[in-house]
Amino acid sequence: MKARVRNTALALAAVSTAVSPTACGADAGSTSDAGSARKISVLLPDATTARWETRDRPLLERRIGQLCGDCAIEHANAEGDVAIQQKQMDSSIAEGVDAIVLTAVDARAMAASVGRAAAAHIPVIAYDRLAEGPISGYVSFDGQEVGRLQGRALLTAMGAKARDGRIVMMNGDPGDPNALSFKQGALSELRGRTTIAKEYDTPEWSAETANRNMSGALSALGADGIDGVYAANDGLAAGSIAALKADKVTPLPPVTGQDAELAAVRRIVDGDQYMTVYKPFGPEAAAGGAMAVAAARGQRLDGVATRRVKTRGGAEVPAVLLTPVPVVLATIKNTLVKDGVYTLEQICPLSLAGDCHKAGLT
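So the numbering used here is basically just the index in the sequence shown, starting at one, shifted up by 31.
Structure, rendered in structure tokens:
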């Protein structure tokens, strides 16, 4: 029996309103008896960050399909809305799915929903973000290491300016526990080595909010008063850079990022962004898919997990924590291109032909 994927429209609140089945690792016309198939819900947080729909979702679906030929996969995206994601969880629970892969919009706000799933004997795999409540397993990257990589890279880029320089910290969504890990890791590198002149949290990882906050920092510090920008991900980097350019700051200070979005890689090539952090989506999705299938079959997760992590409630759960990779101009080819994330043609459009040639990318 072939694996099936049901795709809900992104704005829909309920997983149960899935539309026309398509194949996962199979011919689109294949059919299966939905009543006998195991069901796995994949609940993603938003479409603002490109990776969820373009990378994680297809990779998760592919891995689940490879491991479980009779698993029906139901997908929904919360569009950054906690209430929508809570309804999606409730719908999955009511439908009696066999496992849920959850990337929480807000880890704390989803705790009650995770608790309802556990009460219904439905295991929840926290994917990329450590959701609160009685989760069964966790797959992600070492968040503090992500922050350390960003902090070290920023200090390297600032060079001699770091000691007497001033930076702006554009942290992530306070409802995302990863954002706290990133910040803690970055501060472990930055504190005592440079001055943090302004610091902002960014609800929903909004590039627009980052843009407004950077405009505020420029008003307070002056166009020549910012020597570096810690941006927790590539979207926040984009918003910050746009504000710096609008204020005609030149040269731009070094700006960090995360997620290796194509737009960010192009910004690195043209010199607007200094670095990003590449989190190989394939291994993360492979572990998440394997954990979801094991959970749906009622199997122990320790066969997939490589370690255990403690949740906010104090329980230890099986986990896979992968190693992030820093990417700067000189390492694009040996990381993102080598791993097949992007081709040189994708990274180097005509508008960047000169910069790509100078960087040895063409």
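Backbone N, C-alpha and C fix where the C-beta goes; we use that ideal spot for every residue, glycine too. These figures come from a predicted structure and were not determined experimentally.
Suppose you measure from the CA of A143 to the CA of V128; what does that come to, to the nearest Å? Straight-line Cα distance between these residues: approximately 18 angstroms.
Considering Cα atoms alone, identify which of V145, R183 and C102 is closest to A323. A323 has its Cα closest to that of C102, out of V145, R183 and C102.
Closest residue to V73 among S123, V351 and D232 (Cα-Cα distance): S123
Per DSSP, what are the beta-bridge partners of C102 in this structure? R69
Can you list, in chain order, the residues of its chain whose CB lies under 7 angstroms from that of V351, leaving out five sequence neighbours each side? V170, A318, V335, A336 and T337
Within 10 angstroms of the Cβ of G385, are there 16 or more other Cβ atoms? Answer buried if so, exposed if not. exposed
Sequence-distant residues of the same chain with beta carbon closer than 6 angstroms to I299, five excluded per side: L360
According to DSSP, simplified to helix, strand and coil, what is M141? Annotated three-state conformation of M141 is coil, per DSSP.
Selected residue, minimal CA-CA separation from R400, among I156, V199 and L353: Residue 400 is absent from the model: the chain starts at 32 and stops at 393.
Three or more C-beta pairs closer than 8 angstroms, one from the stretch 193 to 200 and one from the stretch 146 to 165: is that the case here? no
To the nearest angstrom, how far is the alpha carbon of S180 from that of M200? In the sequence on display, residue 180 carries Leu and not Ser. Computed Cα separation, rounded: 15 angstroms.
Exposed or buried, what is V50 when buried is set at 16 or more other beta-carbons lying within 10 Å of its beta-carbon? Low local confidence applies: a pLDDT of 30 at V50 is under 50, so the model's placement there is unreliable, and no value is given.
Check each candidate in S246, Q117, R69 and A321 and name the one with the smallest Cα separation from I104. The option with the nearest alpha carbon to I104 is R69.
Could you tell me if K276 is buried or exposed, where buried requires 16 or more neighbouring beta carbons within 10 angstroms of its beta carbon? exposed
According to the Cβ coordinates, are V280 and Y309 closer than 9 angstroms? Going by C-beta atoms, V280 is not nearer than 9 angstroms to Y309.
DSSP beta-bridge partners of I198: I227 and G259
Could you check the C-alpha separation between I378 and A125 for me, to the nearest Å? 44 angstroms
Less than 7 angstroms between C-beta atoms, sequence neighbours within five positions excluded: which residues of the same chain meet that for A248? In its chain, beyond the 5 residues on either side, V199, K229 and I257 have a beta carbon closer than 7 angstroms to the beta carbon of A248.
Taking the CB atoms as reference points, tell me whether Q97 and G320 lie closer together than 9 angstroms. yes
Alpha carbon to alpha carbon, what distance is there between Y231 and I115? 26 angstroms
Coarse secondary structure for V296, derived from DSSP in three states: Helix.
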